[in-house]
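Residue numbers (our numbering), protein chains in the order written: chain D, 782 to 877; chain G, 782 to 877.
Using N, Cα and C, we set each Cβ at its ideal position, and we do this for glycine too.
Since the structure is predicted, the reported quantities are computational estimates derived from the model, not experimental observations.
The structure under discussion appears below in the form of structure tokens.
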DNA sequence: AATTATTATAGCGTATATGCCATAAATGTT
DNA sequence: AACATTTATGGCATATACGCTATAATAATT
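Written out as structure tokens, the structure reads:
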């Protein structure tokens, strides 16, 4: 697969990076999306089609294989007819 | 500049894409971030430094030149000590 | 007005998000 | 158990996010 490297390799500038992705947040987002989608009675495919996103991408998000852009989340929120906040309705830990 | 093409060129599969970005949502996010950041007394640089994001990227987000990933938003929310929902505390129109 | 601090712009390189297509795995249904 | 539906995985191509560096443009201070 493509997304195998969740950890940073190179040295960065102003501070030491731990992770490229924010695994914690992405897991919570995946969980929340799965839940809201189910509650609204959407299959991944229906959500993908109506949001103009691919099924692969929806699956990647729900299986934490991708770090989606906010515009992807916006599309999903519109289709599910929920606020964007609703999809981010969880609490992050102070640091990852 | 890099981000000149806000409109899709190619033909897609299951439906016709209008925009690659969701300009409306990105404008609202930019506004909200600017506001929360100011209220919390952060300069772009301080926010960038403490979030381990570059100043360029913060500026791009606030000037709607970039469609950030959710993990970037997570980092920002942690630094500003606000919920992610707080940064998305606005209402999107039904469609773009 | 001159200096300083802050924000914005620019270009380049690398990593990755996402589309597309196919297939496999899992789950539900009869 | 066969079949259908749904979800997950895989690879490849293209667009773009983001880091890095430098500089320009604005805004704030003195």
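Counting only residues of its own chain and dropping the five nearest sequence neighbours on each side, residue 864 of chain G has a CB closer than 7 angstroms to the CB of 858. Fewer than three Cβ pairs drawn from the stretch 842–849 of chain D and the stretch 864–874 of chain D lie within less than 8 angstroms of each other, which leaves the two stretches out of contact. The beta carbon of residue 837 of chain G does not come within 8 angstroms of any beta carbon belonging to chain D, so the residue lies off that interface.
Within chain G, the residues placing a beta-carbon under 7 angstroms from that of residue 850 of chain D are 848, 849, 850, ordered along the chain.
Taking the Cβ atoms as the reference, residue 851 of chain D lies roughly 6 angstroms from residue 851 of chain G, within the contact range of under 8 angstroms. Taking the Cα of residue 813 of chain D as reference, the smallest distance to any Cα among D:831, D:860, D:842 is reached at D:842. Rounded to the nearest angstrom, the gap between the Cα atoms of residue 827 of chain G and residue 861 of chain G is 10 angstroms. At a cut-off of 8 angstroms, the C-beta of residue 861 of chain G has no neighbouring C-beta in chain D.
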